[in-house]
Amino acid sequence: MSDYVISCCTAADLDEEYIRSRNISYTCMKYELDGKVYPDDLGKTISYDDFYKAMIAGASTKTSQVNAEEYEQYFDSILSQGKDLIHFCLSSGLSGSVNSANIAMEELKERYPDRKIFVVDSLAASSGFGLLVDKMADLRDEGKTIEEVYDFAIKNRLKLHHWFFSTDLTFYIRGGRVSKPAGYIGNMFNICPLLNVDYEGHLIARHKIRTKKKVIQATAEKMFELADGGVDYSEKCFISHSYCYEDARAVADLIEEHFPHLKGKVQIFNIGMTIGAHAGPGTVALFFWGSERTD
């Protein structure tokens with residue numbers, strides 16, 4: 001039995017059944033829907049579909065990170081059981097939660113001098129964050145020590161690729177990430193931006209692609225170009241989506257058709273409320289292991 005716990009927040013966008021099956025602990029981020037605060041608890045309090053339907057109907061959304069006091073309470077609940085802990089945080093390029101986790105860690109090191117505590121900035125988001133944590137669970141199950149897991153994460157986190165596209169710029173406009181004129185023109189001409197997460201963990205727009213069909217193909221082609229081993233890629237592949245399963249399935253079909261050595265079928269998850277509050281419905285994200293992100 002492992003003497004340490006692998007942990008993350010719910011912005012890793014793995015569903016409840018999967019995260020429990022991998023013996024991964026988690027703490028909930030929080031979000032507001034029309035001014036009321038809810039836990040981002042993997043769709044239990046409010047379903048993913050109801051959340052995105054509310055956004056489409058005009059509901060306002062905001063998110064908040066786990067604060068240092070909440071992290072301290074959560075970490076203490078694990079350490080007090082005599083377990084060591086390695087916790088993975090949503091990318092520092094998107095959230096300040098890693099700073100809160102580090103504050104809690106330093107406080108608890110004084111209280112639990114005999115326990116090992118590690119905090120990792122994933123430099124990842126959504127199910128790419130989830131894919132990183134899933135790999136760490138594999139290493140734990142292979143018998144790796146907590147130090148070995150930490151070292152692997154730090155050395156390899158930039159080999160995790162994230163490629164996102166959105167078929168609706170409405171929520172990028174609403175959140176101020178796209179100007180109203182640019183968003184209006186983009187929606188009018190069916191422009192679907194293709195984005196990725198850079199080496200600093202920021203979400204960056206890379207290409208403007210016209211029509212959903214073309215952006216689905218372009219997203220899959222990024223895996224042809226960058227995946228470890230090319231079409232001989234043999235690791236897991238995750239996809240997440242916000243209220244557009246058919247689009248996610250279309251990307252998954254292309255991946256499964258052209259990558260015959262995948263470790264299992266492509267896993268498709270929902271984009272949770274922490275990421276979805278900013279991206280809105282109509283976003284699909286592809287995640288895989290590949291060459292190191294350098295820009």
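Numbered according to the numbering used here, the sequence shown spans residues 1 to 295.
Every residue, glycine too, gets a C-beta built ideally from N, C-alpha and C.
Just so it is clear, the structure is predicted and the values come from calculations on it, not from any experiment.
Residue span of the beta strand (DSSP E) that contains residue i, given as start and end
i	result
VAL66	Unbroken run through VAL66: none, as it is neither H nor E.
ALA205	203-210
ASP84	84-89
VAL197	191-197
GLY239	In the sequence as presented, Gly is not what sits at residue 239; that position holds Ile. Unbroken beta strand (DSSP E) run through ILE239: 238-241.
LEU160	160-166
DSSP three-state assignment for residue i, whether helix, strand or coil
i	result
ILE271	coil
LYS36	strand
ALA125	coil
MET1	For MET1, the predicted structure reports a pLDDT of 45, less than 50, and the residue's modelled location is therefore unreliable. A value from the coordinates is still provided. Of the three classes helix, strand and coil, the one that applies to MET1 here is coil, per DSSP.
TYR26	strand
SER77	helix
THR283	strand
ILE56	helix
PHE171	helix
LEU119	Note that residue 119 corresponds to Val in the displayed sequence, not to Leu. Strand.
ILE6	strand
TYR31	strand
Distance CB(residue i)-CB(residue j) smaller than 9 angstroms
i	j	result
ILE117	PHE88	no
PHE288	LEU131	yes
VAL73	LEU90	It is worth fixing the name first, because residue 73 is Gln in this sequence and not Val. In this structure, LEU90 does not lie closer than 9 angstroms to GLN73 by Cβ.
ASP247	ILE209	no
LYS53	ASP3	no
SER126	ILE271	yes
ILE86	MET136	yes
GLY282	ASP168	yes
THR211	VAL284	no
ILE6	SER25	yes
CYS192	LYS159	no
Of the residues the options, the one placed nearest residue i, counting alpha carbons only
i	options	result
PHE129	LYS263, GLY264 and LEU14	LEU14
TYR71	GLY82, LEU33, LYS53 and CYS28	CYS28
THR170	PHE51, ILE56 and MET105	ILE56
ASP198	ALA153, ALA248, LEU123 and VAL5	LEU123
VAL120	GLY230, ILE204 and SER97	SER97
ARG157	GLU17, THR294 and GLU16	THR294
Extent of the continuous alpha helix (DSSP H) to which residue i belongs
i	result
SER291	Unbroken run through SER291: none, as it is neither H nor E.
LEU108	97-111
SER296	Outside the shown range of the chain (1 to 295) lies residue 296, about which nothing can therefore be said.
LEU254	245-258
is_contact[residue i, chain C] using C-beta, thresh 9 angstroms
i	result
VAL66	Any reference to chain C falls outside this structure, which holds one protein chain only.
Using a Cβ distance threshold of 8 angstroms, determine whether the stretch 5-13 contacts the stretch 37-55, with at least three qualifying pairs required.
yes
Is there contact here, the stretch 221-229 with the stretch 147-164, by at least three beta-carbon pairs under 8 angstroms?
yes
With three or more beta-carbon pairs closer than 8 angstroms as the criterion, would you say the stretch 262-271 touches the stretch 231-251?
yes
Please confirm if the stretch 268-282 is in contact with the stretch 137-152, defined as three or more CB-CB distances below 8 angstroms between the two stretches.
no
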